[in-house]
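Protein chains in written order, with the numbering used here: chain A, 1 to 109; chain B, 110 to 220.
We treat Cβ as the ideally placed atom computed from N, Cα and C, and that holds for glycine.
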């Protein structure tokens, strides 16, 4: 069965601390992996995708096929990073994006 | 460009009533999706469409129906609302692949 797990419901850190939001997936085939973010009172938006291998707002994510993980990392968290983050594998065969339960990141001053 | 627009943004229903949520996109996207967002459960896919005139079931389709008569519109219907359908509903569209554009959400309360 296709499954995506974000084990932390809440991650609370202080400004300047490193951040790692975990995502593990169980999928047949080779899904494309995405991270989406939802800031307070804003619509959900794409943060980054694994195939582009880019850094957005200081965040990076590396796909580890051996561990089936796609953790999101940032070396120095900022208060404006406080938001809800969702990991989402995309099944090309079915054209469906399935979301994890999400992790709320709270960055304190 | 308005992007993805959902109407209404808020609605309160009584159990058993029916309603339709409208999603409109002006980006000429082929794919459209309806999700519901509940605390602790993330976003769950209700139904989706891969093109005009097509619909398909997602993870939690029961109690909902959809129609895609026009490419730019994707309607989500509740024939007989239940309290378990109290949620925030999000519509999204894409050209294909996992890069979705989302609407602002519609908050539905069923009493």
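- Using a Cβ distance threshold of 8 Å, residue 163 (chain B) and residue 133 (chain B) do not count as a contacting pair.
- Nearest CB-CB separation between residue 213 (chain B) and chain A: below the 8 Å threshold.
- Rounded to the nearest angstrom, the gap between the Cα atoms of residue 151 (chain B) and residue 64 (chain A) is 23 Å.
- Residue state for residue 134 (chain B) is assigned as strand, using DSSP reduced to three classes.
- For residue 99 (chain A), the closest of B:145, B:176, B:212 by C-alpha to C-alpha distance is B:145.
- Looking at the DSSP output, residue 211 (chain B) bridges to B:201.
- Looking at the DSSP output, residue 41 (chain A) bridges to nothing.
- Given a length threshold of 3 residues, each whole run of the beta strand (DSSP E) inside the stretch 132 to 197 of chain B is given here in chain order: 140 to 147, 151 to 158, 174 to 176, 182 to 187.
- For residue 198 (chain B), the closest of B:186, B:207, B:205 by C-alpha to C-alpha distance is B:186.
- At least 8 Å separates the CB of residue 183 (chain B) from every CB of chain A.
- Under the Cβ distance rule, residue 140 (chain B) counts among the residues neighbouring chain A, one pair being separated by less than 8 Å.
- Looking from the CA of residue 159 (chain B), the closest CA among B:153, B:176, B:170, B:194 belongs to B:176.
- Under the three-state reduction of DSSP output, residue 98 (chain A) falls in the coil class, being neither helix nor strand.
- Within chain A, no C-beta atom comes less than 9 Å from the C-beta of residue 136 (chain B); the nearest is roughly 14 Å away.
- For residue 74 (chain A), the uninterrupted beta strand (DSSP E) run begins and ends at 69 to 74, by DSSP.
- Listed along chain B are 154, 168, each with a C-beta nearer than 8 Å to that of residue 98 (chain A).
- In this structure, A:23 is the residue among A:106, A:23, A:34, A:92 with its C-alpha nearest to the C-alpha of residue 71 (chain A).
- Residue 153 (chain B) and residue 137 (chain B) have their C-alpha atoms spaced approximately 24 Å apart.
- Per DSSP, residue 111 (chain B) lies in no beta strand (DSSP E) and is assigned neither H nor E.
- Ranked by how close their Cα comes to the Cα of residue 40 (chain A), the residues A:85, A:53, A:97 have A:85 in first place.
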